[in-house]
Each structure stands twice: as structure tokens, then as C-alpha cells.
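To start, the structure under review is shown below, and the notes come after it.
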Amino acid sequence: MKKKTYIFMLSDKDRKRHEHVVAKGKITDFIVQYEMFFENKWEPVVRYDTSHGYFHKDMISPDGSKEKIVIGVADLNEALTLSDSDINENWERYKNRYLRRMKT
319 MKKKTYIFML SDKDRKRHEH VVAKGKITDF IVQYEMFFEN KWEPVVRYDT
369 SHGYFHKDMI SPDGSKEKIV IGVADLNEAL TLSDSDINEN WERYKNRYLR
419 RMKT
């Protein structure tokens, strides 16, 4: 098994962390997470991963609570592509949601 980790800067205070494990040419485990830099640390906002034995999305609130959304994609290569694309396209929307929740 081979683990790869990448950090992609989306802006000077926003990034996507991408980690995946490949065995025999297939993705076996991954995490794709959008993080924002706030009060001198990187805060997770949205995370796609395969922990708990299934593919899901965690919407993280400023208080640390998580809304877990199960996604019905069985092929992990497809799931990884979907995760990457969603964060690339929607990170600003996720950031605004997180900041709105911080104020309430």
C-alpha cells in the first residue's frame, strides 16, 4: 500500500488537504478536506472520507459538531474524484456556511 498526501492552496487562507491510499492500483482509503485558516490554526470545514467503513461527507460546524451525509458511491476511485471536484467548486460556499454558523 502506498499513501500520498497533497495540500492545494485555494487562497491564502483556504486549502484542500488530499490523502489517499492505493493498493494494487486501486484507491482503498482516502480523505479530502477543505480547511480555512482562522485564529492562527487550520480549521476543518468539510471532509469527505472512507472512515467508519463507508464513503461519506462530514459538514463540520464551528462548535466541532458534524453532520454526516452518506453518499451512495461504491467505487472509491469515483468517490475520490467526486470529493475533489465538489471542494474545488464549492469551497467558498462551505466557508460562508461555516462563518454564518459562527455568528449564531
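Sequential numbering from 319 applies to the sequence shown in the working numbering. Where a beta carbon is used, it is the ideal one built from N, C-alpha and C, also for glycine.
TODO: Whole angstroms is fine: what's the gap from F353's alpha carbon to H374's?
DONE: As a working mapping, residue 353 is identified with position 35 in the sequence shown. As a working mapping, residue 374 is identified with position 56 in the sequence shown. Note on identity: in this sequence residue 353 is Glu, with Phe being the wrong assignment. Cα-Cα distance, rounded: 17 Å.
Task: Length of the line joining the Cα atoms of T346 and E357 - done: Taking the first residue of the sequence shown as position 1, residue 346 is located at position 28. Taking the first residue of the sequence shown as position 1, residue 357 is located at position 39. When rounded, the distance between both Cα atoms is 34 Å.
Task: Supposed contact pair S329 and Y366 - C-beta distance, whole angstroms, cut 8 Å - done: Counting from 1 along the sequence shown, the entry for residue 366 is found at position 48. Counting from 1 along the sequence shown, the entry for residue 329 is found at position 11. Wrong, their Cβ atoms sit about 20 Å apart, outside the cutoff.
Task: Proximal residues to S379 (C-beta, below 7 Å), its chain only, five neighbours per side dropped - done: Counting from one through the sequence shown, the residue named residue 379 turns up at place 61. Excluding sequence neighbours, S379 sits near R419.
TODO: With DSSP collapsed to three states, give me the class of K344.
DONE: Here residue 344 refers to the residue found at position 26 when the sequence shown is read from its first residue. Reduced to three states, the DSSP call for K344 is strand.
- [ ] Measure from the alpha carbon of K386 to the alpha carbon of each residue in V364, L398 and E396, then state which is nearest.
- [x] In the sequence shown, counting from the first residue as 1, residue 386 sits at position 68. Taking only the C-alpha atoms, the option nearest K386 is V364.
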